[in-house]
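Step one of this worksheet: look at the structure below.
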Amino acid sequence: MELLTPEKIIDSFKTALGDSFIDAKIYQCEVAVKKNKFRSLWVEVKKSAFRDAVDHICHLQQYPHLAIISSSDLGAEVELIYHFTIYYGHHLEELSLGLRVKLPKSDLKIPTITDLIPGALFTERETQEMMGVEVVGIPDKRRLFLPEDFPEGAYPWRKDEKGPPNDMLRVLPGREPK
Amino acid sequence: MTLEETKKATYTIPVGPIHPALKEPIRLALSVDGEEIVDVDIFAGQVHRGIEWLGMNRNNPIQSIYLAERICGICNICHPFAFVMAVEHAAGITPPARAEYIRTITAEMERIHSHLLWAGIAAHEIGFDTIFYLAWRVREEIMDLIEYVTGNRITKAMFQIGGVRRDITEEQFPRIRQSLDYYKSLFGQLKRVFLDDRTIRMRTKNVGVLKREDALKLLTVGPTARASGVPKDVRQDQPYAAYADLDIKAMTPDMVSGTVVGDVYDRIIVRLLEVKQAIEIIEQCLEKMPPGPILAQPKTAVLLKTLTQAEGEGIGRAEAPRGEVIHYVRLEAGQSTLATWKVRAPTYVNLMAVPTILKGMQIADVPIAFASIDPCMSCTNRIVVTDRAVGRKSVVGYEELHRLSVEKTKELPR
Amino acid sequence: MSLKAFKRALWVYHLNTGSCNGCDIEILAVLTPRYDVERFGIMLVGSPRHADVLLVTGPVVKQMVPRVKRIYEQTPDPKLVMVVGNCGIEGGVFYESYNLAGPVDQIIPVDVYVPGCPPRPEAIIHSVVMAWVKLEKAEQGVS
Numbered sequence: 226m227e228l229l230t231p232e233k234i235i236d237s238f239k240t241a242l243g244d245s246f247i248d249a250k251i252y253q254c255e256v257a258v259k260k261n262k263f264r265s266l267w268v269e270v271k272k273s274a275f276r277d278a279v280d281h282i283c284h285l286q287q288y289p290h291l292a293i294i295s296s297s298d299l300g301a302e303v304e305l306i307y308h309f310t311i312y313y314g315h316h317l318e319e320l321s322l323g324l325r326v327k328l329p330k331s332d333l334k335i336p337t338i339t340d341l342i343p344g345a346l347f348t349e350r351e352t353q354e355m356m357g358v359e360v361v362g363i364p365d366k367r368r369l370f371l372p373e374d375f376p377e378g379a380y381p382w383r384k385d386e387k388g389p390p391n392d393m394l395r396v397l398p399g400r401e402p403k
Numbered sequence: 122m123t124l125e126e127t128k129k130a131t132y133t134i135p136v137g138p139i140h141p142a143l144k145e146p147i148r149l150a151l152s153v154d155g156e157e158i159v160d161v162d163i164f165a166g167q168v169h170r171g172i173e174w175l176g177m178n179r180n181n182p183i184q185s186i187y188l189a190e191r192i193c194g195i196c197n198i199c200h201p202f203a204f205v206m207a208v209e210h211a212a213g214i215t216p217p218a219r220a221e222y223i224r225t226i227t228a229e230m231e232r233i234h235s236h237l238l239w240a241g242i243a244a245h246e247i248g249f250d251t252i253f254y255l256a257w258r259v260r261e262e263i264m265d266l267i268e269y270v271t272g273n274r275i276t277k278a279m280f281q282i283g284g285v286r287r288d289i290t291e292e293q294f295p296r297i298r299q300s301l302d303y304y305k306s307l308f309g310q311l312k313r314v315f316l317d318d319r320t321i322r323m324r325t326k327n328v329g330v331l332k333r334e335d336a337l338k339l340l341t342v343g344p345t346a347r348a349s350g351v352p353k354d355v356r357q358d359q360p361y362a363a364y365a366d367l368d369i370k371a372m373t374p375d376m377v378s379g380t381v382v383g384d385v386y387d388r389i390i391v392r393l394l395e396v397k398q399a400i401e402i403i404e405q406c407l408e409k410m411p412p413g414p415i416l417a418q419p420k421t422a423v424l425l426k427t428l429t430q431a432e433g434e435g436i437g438r439a440e441a442p443r444g445e446v447i448h449y450v451r452l453e454a455g456q457s458t459l460a461t462w463k464v465r466a467p468t469y470v471n472l473m474a475v476p477t478i479l480k481g482m483q484i485a486d487v488p489i490a491f492a493s494i495d496p497c498m499s500c501t502n503r504i505v506v507t508d509r510a511v512g513r514k515s516v517v518g519y520e521e522l523h524r525l526s527v528e529k530t531k532e533l534p535r
Numbered sequence: 041m042s043l044k045a046f047k048r049a050l051w052v053y054h055l056n057t058g059s060c061n062g063c064d065i066e067i068l069a070v071l072t073p074r075y076d077v078e079r080f081g082i083m084l085v086g087s088p089r090h091a092d093v094l095l096v097t098g099p100v101v102k103q104m105v106p107r108v109k110r111i112y113e114q115t116p117d118p119k120l121v122m123v124v125g126n127c128g129i130e131g132g133v134f135y136e137s138y139n140l141a142g143p144v145d146q147i148i149p150v151d152v153y154v155p156g157c158p159p160r161p162e163a164i165i166h167s168v169v170m171a172w173v174k175l176e177k178a179e180q181g182v183s
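Quick mapping for you: the protein sequence lines, in order, are chains L, G and Y.
Each step along the first sequence adds one to the number in the numbering used here, with nothing skipped, and position 109 is 334.
Each step along the second sequence adds one to the number in the numbering used here, with nothing skipped, and position 218 is 339.
Each step along the third sequence adds one to the number in the numbering used here, with nothing skipped, and position 127 is 167.
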């Protein structure tokens with residue numbers, strides 16, 4: 226397997242995705258005494274090409290490691306970042322690759338990738354219950370962490386009116402909830 | 122088994138009898154055919170405390186370090202470690218090199234304590250309590266050292282964004298070296314006890330096998346993955362802290378046994394090797410530690426202002442004793458809390474391998490096989506056993522399981 | 041504080057209601073050779089039905105409330121409840137979360153509080169002895 230540089234990886238994304246590729250940036254900083262580089266790569270793609278992008282990552286590395294899906298409430302949109310790590314097992318060669326995709330709040334749907342990466346199941350279930358993003362085609366729809374009596378339609382990580390209701394928060398006596 | 126059936130049958134009591142490290146409540150639903158396990162379902166989230174929500178709504182980033190520390194009482198170096206790195210990357214702060222070395226030393230001390238803790242618990246799971254007490258007695262030495270260096274046994278509060286809060290001075294080196302020598306002198310004995318003992322071999326060889334392919338597909342991390350022959354170790358793969366200066370190699374079981382099976386025995390080998398490796402890393406760090414400041418910004422108020430004004434995102438990765446910890450942090454200018462905080466603990470992904478590990482095994486092997494991934498947020502406190510052969514469903518308590526496991530050890534041919 | 045006699049062994053049941061594990065491994069450390077409370081007859085047991093003392097750690101997450109209550113009911117009288125760690129006493133760092141129902145004394149009556157995050161093993165031993173004294177008094181009908 227050939228290890229590409231971050232610049233070449235971005236080029237390969239451009240070739241593979243064409244117009245659906247939106248943006249990419251490379252972050253790097255120097256670490257400790259020898260000043261080896263910590264590198265991370267952030268790629269943003271259109272929602273329509275999301276599965277193609279994951280497929281492309283699977284070509285860069287046979288079994289890409291999907292660490293976690295992080296989700297942010299940006300107001301009108303929800304941003305999902307799929308944090309992959311590729312080129313593991315090689316001394317100082319590993320790269321963090323964040324695959325960013327933005328969903329409008331009117332259409333919070335993302336296709337599942339459990340067929341490509343079976344281990345994505347837990348984090349997809351978590352994204353579903355915590356952010357209210359519907360993962361289309363997920364093999365297991367149940368909640369992962371939240372209790373069964375947690376209100377439907379409330380999602381802890383949302384910052385709009387769908388966040389956890391104030392009366393659920395356990396507040397110290399004599400204090401106001403934030 | 123459908124969810125409805127499980128719901129009726131599992132009345133989970135968070136049983137925490139003797140080894141709390143495994144006793145964080147989690148539910149497993151096992152379907153068995155006679156003695157053989159055919160399916161496993163996992164119910165996580167019995168201890169969901171909403172930590173990420175607190176970091177996004179209540180705390181400022183510096184307060185969140187202490188929250189990150191309390192994600193887990195055993196790995197409470199690596200969580201703040203990954204967290205501060207993520208914030209540093211997001212805000213563009215570079216910690217001084219000396220701080221990187223101190224961070225590395227404390228992280229490796231934690232690895233020694235955690236692996237010894239695990240070794241004791243694994244021995245307890247097969248009913249070998251002598252070894253359990255031995256391992257925990259040996260562990261007290263590193264706890265003393267941790268207390269000597271950081272000031273506390275469990276929650277160390279060493280980390281600060283842009284450095285560490287306490288220095289390790291030249292006068293402390295002899296005491297640290299003394300502890301390391303103690304472990305070095307003990308290593309041969311530990312190896313004999315854990316790798317050559319007949320009982321341990323019989324209970325762990327070819328038990329709980331996780332194949333390399335499965336480990337890769339299910340995103341397994343840490344010693345569990347390395348025992349299956351995946352040489353994946355953040356300390357080796359992606360430079361962070363002082364590990365970037367050292368030449369670290371991921372430990373795989375073939376270094377001792379020549380082959381990779383991916384069973385419980387291999388996981389013991391990997392953890393033992395990592396204890397040895399941790400001692401070497403601390404020694405190298407003591408030797409190479411550069412002089413200089415330990416904080417990029419010693420004034421907390423100034424630091425807090427920088428963080429409030431900062432805009433950006435970062436990812437922090439650290440190799441915890443159980444595997445890779447990842448924290449993602451996004452900062453928004455003008456916002457005093459974190460805009461987004463996502464934590465990925467190693468057990469989160471390792472749990473997905475549990476069904477594969479347990480399938481096809483006997484009920485009496487469940488405790489040791491489950492313990493072998495060193496589950497951090499979890500415990501087999503109560504398990505629903507559905508017997509397909511007779512269509513009978515019964516709830517087996519953890520004690521019962523443990524008793525079965527101990528009996529199996531007793532029945533081994535002498 | 042005086043212990044008249046070690047009339048019998050004290051059996052302790054440990055209940056984790058969502059703690060971070062910090063207190064739990066210290067409780068375990070108390071049992072192992074360095075601190076070795078078993079020499080005093082203090083022992084962790086696997087069922088609340090055998091226990092004299094309930095050792096509760098953690099801030100009590102919502103899923104745990106019915107279980108905590110049920111375990112309390114299962115423990116035979118006379119019994120004592122000890123809370124180990126700050127988060128069980130007043131929520132600690134987890135306060136204001138949406139998934140908390142605690143602290144512990146909002147759910148079951150508590151006799152002994154052991155502050156600390158986590159408390160040192162010595163503090164845990166000290167509190168178990170305090171609980172012991174209280175239990176002896178309860179048995180003698182003195183409150």
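All C-beta atoms in this analysis are idealised placements derived from N, C-alpha and C, irrespective of residue type, glycine included.
All values derive from a computational prediction rather than experimental measurement.
Leaving aside the five residues that flank residue 161 of chain G on each side, the residues in its chain whose CB is nearer than 8 Å to its CB run, in chain order, 149, 150, 151, 152, 475, 476, 479, 480. From the listed residues Y:117, Y:159, Y:125, Y:110, the smallest Cα separation to residue 51 of chain Y is found for Y:117.
With a cutoff of 7 Å on beta-carbon distance, residue 247 of chain L and residue 269 of chain L are scored as near each other. Among the residues facing chain G, residue 167 of chain Y is not included, as its CB has no counterpart in that chain under 7 Å away. For residue 533 of chain G, the number of other beta carbons within 10 angstroms of its own is below 16, and it is reported as exposed. Contact residues of the region 282 to 302 of chain L toward chain G are 288, 290, 291, 292, 293, 295, 297 (C-beta to C-beta distance below 7 Å). Residue 294 of chain L and residue 203 of chain G have their C-alpha atoms spaced approximately 16 Å apart. The shortest CA-to-CA distance from residue 58 of chain Y to any of Y:83, Y:127, Y:177, Y:67 is the one to Y:127. Around the Cβ of residue 119 of chain Y, a 10 Å sphere holds 16 or more other Cβ atoms; the residue is buried. In the DSSP assignment, residue 109 of chain Y falls outside any beta strand (DSSP E) and within the unbroken alpha helix (DSSP H) covering 105 to 114. Cβ-Cβ distances below 6 Å link residue 250 of chain L to 267 in the same chain, with the five nearest sequence neighbours on each side left out; the list follows chain order. When rounded, the separation of the alpha-carbon atoms in residue 466 of chain G and residue 444 of chain G is 8 Å.
The secondary-structure analysis by DSSP pairs residue 293 of chain L across a beta bridge with L:308.
Contact annotation for residue 188 of chain G against chain Y: 133 [CB-CB distance below 7 Å, chain order]. Per the DSSP secondary-structure output, residue 263 of chain L pairs in a beta bridge with L:254.
DSSP places residue 96 of chain Y inside the beta strand (DSSP E), whose first and last residues are 93 to 97. The C-beta distance from residue 451 of chain G to residue 461 of chain G rounds to 4 Å, short enough to meet the 8 Å contact threshold. With fewer than 16 other CB atoms across the displayed protein chains lying within 10 angstroms of its CB, residue 315 of chain L is exposed. For residue 102 of chain Y, the nearest beta carbon of chain L is closer than 7 Å to its own beta carbon. Going by beta carbons, residue 289 of chain G and residue 223 of chain G fall inside the 7 Å limit. Burial state of residue 104 of chain Y is buried, judged by a 10 Å Cβ sphere holding 16 or more other Cβ atoms. Each residue's CA atom was taken as its position, placing residue 114 of chain Y and residue 335 of chain L some 47 Å apart. DSSP places residue 299 of chain G within a helical segment (H, G or I) once states are collapsed to three. In this structure, DSSP gives residue 154 of chain G an extended state, which the three-state scheme calls strand. For the region 57 to 70 of chain Y, the set of positions with a beta-carbon nearer than 8 Å to some beta-carbon of chain G reads 57, 58, 59, 60, 61, 62, 63, 64, 65, 66, 67, 68, 69 in chain order. Comparing C-alpha distances from residue 374 of chain L to each of Y:109, Y:55, Y:172, Y:138 shows the shortest one belongs to Y:138.
Rounded to whole angstroms, residue 190 of chain G and residue 281 of chain G show a C-alpha spacing of 11 Å. Judged by DSSP secondary structure, residue 324 of chain L falls within the beta strand (DSSP E) whose first and last residues are 320 to 329. If you look at residue 178 of chain G, you'll find it isn't in any beta strand (DSSP E); it sits in the alpha helix (DSSP H) that goes 172 to 178.
Within chain L, no C-beta atom comes less than 7 Å from the C-beta of residue 494 of chain G; the nearest is roughly 14 Å away.
Residue 198 of chain G places its beta carbon 7 Å or farther from that of residue 225 of chain G. Close CB contacts of residue 453 of chain G within its chain, under the 8 Å cut and outside five residues either way in sequence, are with 432, 460 (chain order). Contact of residue 321 of chain L with chain G is assigned, a C-beta pair being separated by under 7 Å. Taking the Cβ atoms as the reference, residue 436 of chain G lies roughly 7 Å from residue 210 of chain G, within the contact range of under 8 Å. With 16 or more other Cβ atoms inside 10 Å of its own Cβ, residue 387 of chain G counts as buried.
When beta bridges are read from the DSSP output, residue 336 of chain L appears opposite L:361.
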